[in-house]
Structures are given as structure tokens and as C-alpha cells.
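Have a look at the structure below, then the notes.
In the numbering used here, the protein residues as written are 432 to 1360.
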């Protein structure tokens, strides 16, 4: 095998056998046994026909190859069934081979073709199945095509981008386009503005397969309502794969819902109209509700109601006034409604101003013909008057119907009560059934108006009579011939207090008081008791009678009486009475009041003078004469100017007195109050206001009140108050004093940033032991008075003095940003003040000053001997700065140093021990930098 292998270049996937001329195996490849029927017989020297029975019967062919008559031989698709049950397929190739030793051999090559045979068989099977599918698909396509052609529903097939690929005959018939006009166009070219069919394909599968109504536009421009469902389908065989969904077409199935939709809208319009008419209390409410209801239910944009002006105003406004246009043969737009999303201001304004006669415009045509009218597009109609405005505001479709007052068509022309017109921004094609529905609605509406008008007229007639009696303030009664009450009005019942049940049981004699006038008693006796009256009996124009109320009160009534006869017999005695009890009491009270007023007028402490509009004195009281000392002969003249001339010489400012009087003459409605000062020291308050009779000014009243004693007392009180106020402000800050005056008992405020100063007169304590106390206090007063002036100068607050110590603070009660700088300047000026004092008084006092900055609480506590004081650690540290300081030096804390270091010259003292604080770093203020 090795010898032959060296001479043959055998592909690695082939096995081989070498045979001699006797068909004995001369040589084998390594794995050739796996192709044998009996692998164990594949041994050198064995007959090849034993392991490979396929060679049986091929001996002649093998000899022809040995002898060169055949170049080669092949056996294809040999099969072996292996032990595991699987099949092994192989091909055999037989060729002749001679080596260098002139040994002739037949070489049999074996190739494993199991995989190839499996593929070939699968391909054959798939080819057969595909042929079956193609045949079925052709039949199915033919079947589906017949279904599509014959189906009544619209079918559209589009690409994923919405481009139309196929349409059926139903789609062409519905939309009016040919197949060539639609194929290649976007599907949304079929939809109305604002609608989209392609959007249906973007919905979820569950939603897109449900019916979605879409408004479409036919080639003629007519709007159609079509209910579409949409289903995606693969556009090629690859798209059937679960992993490939990119290539899809969409099938739209649509059903024309236009007729059904219009029928539904008509039913809704009729229903809502009937509902409105059955529930509306007034014609106005019904008409105002019907316009938007019909527009909404039919999908139209604006509506108008046209009526003769006078009739429309009565129906809608309830007005009975005479209008400027009262011709019943003219129409005017009395009400309109427009959808909120539609803006047509010029059209609305034109309708409000337009007047139409018979046959003029759409409304006039309907008015004249008494029948409904339809205009598909007003911009192309000669009937429509406002065509230019319609074009500008994009109005197109229109229809209208008459409001008929009765059902007889032959009388409709004379019974048209009004016209309703409706407009749309879309072209609207004639809908005969809608016009029929609207004609029915017009008849319903007309009958409703007629019925309501009759009800209103009847109700008004009844109410007028009822109102005359029930709303009358007079007491109205009707009595039968036996004296029982037939009718009493509300004023009668409310005045006397009897219930209707009680009135039914009473006679007029049960409520007449015996003290009634004899004349009225005689009339009732003649009428009821003696029956001695007839239709010619004379009755007095007025009688007075007293009735007794349910509460046993007496009511004085005044009025007239008359009798009603029927066929000569008395049937009723009617009376209209007025309660004059209050008037009688008022007259009595007025007399008493006038008497009391005169007594009061004469006894009042004020001087009163009344004048009329012409300047004549109407009246005056005794006090006026005594106050001014006017002689009786001057007052007798009753002349205001003469009286003024006499009294004004008593005044300090007679000119102002005269000017004030003249200004009030020029302003008769004005009131006045001023103070008059006399030469003799007296003071009068003068008040003046107009005298009115109803709304009319008939004169003026002057009153004078002597306040001399009160003025003197007020001046004295004011002086004492000023003293008290100054004393309080010397003790407390102004803001604190004001709060104490408002009865605040405890005042405590927190101030986060202030600077506190303590100063001590060095050597003053020692001086007090050798110096008279009074002299010592006088010296101290001079020093502290100078310090007080410095506080005032720098805007600081003095807190207190303790012995020879002085305490002040900056930054309260009114916060200020420069509190530390103000205290520093105060400290420097205090040193100068002591030096000045020493020079003037030949003394040798020195001063020690301590300053610290920080938060404090300030206020007033206690209930006696108020003092404004400070509390807090800041006060303690400032005190320590002074007590641990040096004579003639100003010691400040580190906190204050940080506030002053940029504006003042300070030198460090170092750290000192401070009682209660330990070591503290301090500085000495030298001078202003």
C-alpha cells in the first residue's frame, strides 16, 4: 500500500483498493473497510467481489478497463445499512494504473456521499412541495382576486410607507377615481383635512384590526365616513420568517358608513330637539339651546335664527317695546351660534346688520317659499348675499328650514314664524332626508312657539288681574249679600292676620268695631240687613271704618264701597280700603314731635340760627341771641346780612368769618365746621349744614357752641402732657416710651449686633471722702451732662449711670451698621470732654473706658420706676474691659477690634486675665486712622 500510495496523489477524503487482473485485492487504503459489505474480508489476496458484491456482473467492464477499451467506470449512490441503522451512501470510481515495474492494476476509489445524498433528497422533496404550493397559490390568487373584485367593501393595499399598490372596484366606485389614478398615490390623499388613514396602520395590532371611522373625500369633494380596519401582510417570502418583519404591506378594508352616519346624526338632531322642546320652560331657552344642539349633532359650524325684528325681540328678550323696524315682512338675525373652534367675525357682523325681505338671500328664499333649501357651496351660489365674506372666511355648505306655525302645507306661507340657517366650512352635498327631518323639526318648533305664545298670553291676562288685587297695598274685599266674605286680597289677610279658613267662617260684622263712623255703619246696615239698596243707590266717595285684627288691634281704614247686582239682585258688596292707622298715628305723633322740638330748640345750650336760600332768617333760639348779644330790634329784621354785620366786630378775624359764610352760599350742599376766636378770649365751635326737604336744599342751619372753658382746660391739659412726655423721653428711648404708652407691660428685644461702652472717672471715689456731697454731685452732673450731649451727637443710647460710672450703647433700639465706629468716636470724644472739664475746673480727673461688641437683650421690666437696661454676656465683657483697663486709655475686645481695625489705629495690649473669662486678647484704641 505504501508503494502505491507514494505513486498516487489521493485526496484525503477518498479511500481506495488496488486489484490485479484476477480481481484479487493487491493493496488497500487505511479506512476502505467501512465501505465494504463484509469489512473483515477486505484483506490482501481476497477476491474483491466477496466484501464488495457490487462487482458481481461487472467483470467484463473491469476487463475492458484493464485492456484499455474503457478509460474508467463509476458506480453511484451505493448504499450500506450500518449497525446503528443509519445509511452510508458512497460512489466508486474505477481506473487502470501501471507502475514502473510494468505491473498493471485496477484502482477503485471510494467517496462518502452520505451528506450530499441527504441534501439531494431534501431538495427533491422541497421542489415537489414548492410545485404543489405554487399550484395552490395560483388557484388561491385566482380565487382571492374574484373575491376582491366582487366584494362590496372597499379594499386598499399599500406599502409600509402608505403608497397605494392595489384597489378593488368598490373603492373606485366609492371614491370616484380609476385604478390608475389611485395606484402610486399616498393613501392619505383620500382622507379629509385633519384625518389620516395611514395612522390606522401605526396602531397596535389589536387596535388596527378593529373598525376605525375615518372622514374621506371623494373625487367630487364629497365627504364620506368610511369604517376601516387595517391588517399588515408580508410583502415577500423572506418576511414570513419570524426574524424578518421589515418588509410589510397593509390591507385596508373599509365600509361606507356615510348613509348610516347621516341617519344617526338626523336621529340625534331630532331627538335633542324634541328633548329641548319638552324640557324648556320658555321660548327663549328653547331657541338658544336648539341652535348649538343641531350644529353639534350634525357636525355643522354655525347657525342663525331669522325672525321679523319685533316678533324676535318679544320671543327672545321678552320685550314689548316698539322696535325701529316693525315690518312683519322683513327678517333680521335675532340669534346666532358658532362653534368655539371656528372664527368668522365678519360673517357674524354681517348677519347682525342685515335685513332680508321675501326671496332675498337664503333666509329670504326660505321665508318666501315656506320650504327648506340647500346650497352645496355658497361661494358658487348666486342666492347667497354675503358670498365675498363666505369666500374670505371659508364657508361653503349651507341649508335652512322654515319654522312653521301650523301643519297645513297650504297655509305654511302665511304661518312662517322664522327661519333657521346652518353653515359649514366643508362643501356639503344635498341630503334630501336631512331636509325632510329639518322640515319636521321646523314644524315641531313652530307648534311649540305657538303653544307657548298662547300659554303666555293666557297667563299674562290672568296674572294682570291677580296682580292688580294681590299686589295692591290697599285692602280689597268682596262680601256676599249675607255679609260673608267672598274674596279678600293678600294685603287684607296680612293686615288683619286672619287665615283663609277663619275668613270663610266670618261675616263683616264680626270684625267691625263699634266705634266705626256712623255713616259707614249705616251703609252696611242698609245693604246687608235691610236690603234697601238698588243699582241707583248713591254711595259716598269715601268712608272710614274700624276693623278688629286677629290680635284684637284696631285698624282704621279709609276707602270706597260699591255693590254688584245680577238681574236686579245684590250679589256682592265690594270695597277698596286703605289702612290709615299709621298715618293717623303719625299725624298725632307729628304734632307731639313739633311741640317737643320747639321746646328742645328753645332749651338747648347751643345757639341755633336757620336761614332760607335767599338769606332770610327763618328761626333762631334764645341761646343764639344771648351768646352773640344781638339786640332784639336787629333780630326782628330777620335779615342774615344785618345780623352778620353786628356780630363780626366781636371776632379776632372777621374777614375769615365773612369769607366762610360767602363760600357756603356758593356751595349750598357743603357742610362746615370751624372754630371762632373772640376778642374777649371766648371760643365758639361753629357747625353748619344744609337744610333739606327730600332731595331739595331749602336753607342752611348754623349752630354755635361755647367751648371757652373746655378750650382753657384742654390747653392746660396739653401743657401737662408735654411735660410728662418730655420727662418720659428723658428716661426711655422714644420707641420704648411709645410701646409703654400702648400698655405693654414687659418689653424685651434681642439685638444681635451692638457695641457697649463702660466709662469710669478715675480718682472720683477718693475725692468723695473729702468733698461735700452736694458739690461732688454738681461736678459729676457737669461731666455726665457733657457725656449726654456726646450721646445725642453720635446717635447713641445712654443706658444709665452707676456712681461715677457711665454706660452707653450703639445699635439699639434702632439697629445700625456702624455701631462700633460710633461708640469708638464717642470714647475718643469722652477723653477730650474730661480734658476740657479739667482745664475749666482745675481738676485732675482721668477716665478709663472699656468697649465690647456682640448680642444683647434690651428692654424694660418691672412695674415701677421704669429703666431701659441691657442684659447678656456682651454687657459683662464690656464692663470687664473697663475695670481691667488703664487710665486715659480705651480698651476694646478682640471682637470690637475686628470691627474697627480698618478705620482706627489700635495697638495690641496682649492677653489679660479677665474675671470669669480667663485670658482675653485686648487692644487699646489710640486714634481715628
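Glycine included, each C-beta is placed from N, C-alpha and C at the ideal position.
Reduced DSSP category for residue i - H, G, I as helix; E, B as strand; rest coil
{"i": "residue 941", "result": "helix"}
{"i": "residue 686", "result": "strand"}
{"i": "residue 988", "result": "strand"}
{"i": "residue 1245", "result": "coil"}
{"i": "residue 975", "result": "strand"}
{"i": "residue 546", "result": "helix"}
{"i": "residue 962", "result": "coil"}
{"i": "residue 928", "result": "coil"}
{"i": "residue 1018", "result": "helix"}
{"i": "residue 833", "result": "strand"}
{"i": "residue 654", "result": "strand"}
Span separating the alpha-carbon of residue i from that of residue j
{"i": "residue 679", "j": "residue 592", "result": "9 angstroms"}
{"i": "residue 783", "j": "residue 633", "result": "47 angstroms"}
{"i": "residue 932", "j": "residue 912", "result": "20 angstroms"}
{"i": "residue 520", "j": "residue 514", "result": "14 angstroms"}
{"i": "residue 1261", "j": "residue 1320", "result": "11 angstroms"}
{"i": "residue 895", "j": "residue 921", "result": "15 angstroms"}
{"i": "residue 935", "j": "residue 917", "result": "8 angstroms"}
{"i": "residue 796", "j": "residue 859", "result": "19 angstroms"}
{"i": "residue 1049", "j": "residue 943", "result": "47 angstroms"}
{"i": "residue 595", "j": "residue 802", "result": "45 angstroms"}
{"i": "residue 962", "j": "residue 914", "result": "11 angstroms"}
{"i": "residue 751", "j": "residue 834", "result": "At residue 751 the pLDDT is 48, less than 50, meaning the model places this residue with poor confidence; the figure from the coordinates comes in the next sentence. Cα to Cα, the separation comes out at about 22 angstroms."}
{"i": "residue 909", "j": "residue 1014", "result": "25 angstroms"}
{"i": "residue 1339", "j": "residue 1205", "result": "41 angstroms"}
{"i": "residue 1345", "j": "residue 1300", "result": "23 angstroms"}
{"i": "residue 573", "j": "residue 566", "result": "11 angstroms"}
{"i": "residue 1370", "j": "residue 1041", "result": "For residue 1370 there is no data in the structure shown, the boundaries of the chain being 432 and 1360."}
{"i": "residue 598", "j": "residue 617", "result": "12 angstroms"}
{"i": "residue 959", "j": "residue 945", "result": "17 angstroms"}
{"i": "residue 774", "j": "residue 780", "result": "12 angstroms"}
{"i": "residue 734", "j": "residue 991", "result": "58 angstroms"}
{"i": "residue 1258", "j": "residue 1151", "result": "37 angstroms"}
{"i": "residue 1227", "j": "residue 1327", "result": "16 angstroms"}
Nearest residue (CA-CA) to residue i, options the options
{"i": "residue 1183", "options": "1285, 782, 1208 and 803", "result": "1285"}
{"i": "residue 1195", "options": "1215, 570, 618 and 1136", "result": "1215"}
{"i": "residue 1280", "options": "991, 1240 and 585", "result": "1240"}
{"i": "residue 665", "options": "1128, 1135, 589 and 1301", "result": "589"}
{"i": "residue 1038", "options": "625, 1134, 507 and 1012", "result": "1134"}
{"i": "residue 847", "options": "898, 878 and 821", "result": "878"}
{"i": "residue 700", "options": "816, 828 and 876", "result": "876"}
{"i": "residue 647", "options": "980, 585 and 707", "result": "585"}
{"i": "residue 947", "options": "985, 926, 968 and 924", "result": "985"}
{"i": "residue 517", "options": "502, 546, 501 and 491", "result": "546"}
{"i": "residue 452", "options": "719, 1070, 507 and 527", "result": "527"}
{"i": "residue 742", "options": "721, 764 and 732", "result": "764"}
{"i": "residue 1092", "options": "1046, 708 and 1126", "result": "1046"}
Enclosing alpha helix (DSSP H) for residue i [first to last residue]
{"i": "residue 1064", "result": "1063–1067"}
{"i": "residue 897", "result": "863–901"}
{"i": "residue 1091", "result": "1085–1097"}
{"i": "residue 1256", "result": "1250–1272"}
{"i": "residue 777", "result": "776–784"}
{"i": "residue 1403", "result": "Nothing can be reported for residue 1403: it is not among the residues displayed for the chain, which extend from 432 to 1360."}
{"i": "residue 1216", "result": "1204–1225"}
Residue-chain proximity (residue i, chain B), Cβ-Cβ < 8 angstroms
{"i": "residue 1352", "result": "Any reference to chain B falls outside this structure, which holds one protein chain only."}
Endpoints, the beta strand (DSSP E) within which residue i is located
{"i": "residue 814", "result": "Neither: residue 814 is in no beta strand (DSSP E) and is coded neither H nor E."}
{"i": "residue 503", "result": "503–512"}
{"i": "residue 733", "result": "733–738"}
{"i": "residue 377", "result": "Past the boundaries of the shown model lies residue 377; the chain is included only from 432 to 1360, so the question cannot be answered."}
Heavy atom of the ligand FMN within 7 angstroms of residue i beta-carbon
{"i": "residue 1329", "result": "The ligand FMN is not part of this structure, which contains no ligands at all."}
Exercise. Do three or more CB pairs link the stretch 553–564 to the stretch 461–468 at distances below 8 angstroms?
Worked result: no
For this session: Kindly confirm or deny that the stretch 1196–1205 and the stretch 1265–1273 touch, where touching means at least three C-beta pairs closer than 8 angstroms.
Result: no
Problem set entry | Three CB pairs or more closer than 8 angstroms across the stretch 488–497 and the stretch 528–548 | yes
Exercise. Below 8 angstroms, can you find three or more Cβ-Cβ pairs linking the stretch 1099–1107 to the stretch 1002–1010?
Worked result: no
Exercise. At a cut of 8 angstroms, does the stretch 819–831 reach the stretch 850–857 through at least three beta carbon pairs?
Worked result: yes
Exercise. So, do the stretch 809–827 and the stretch 687–701 have three or more beta carbon pairs nearer to each other than 8 angstroms?
Worked result: no
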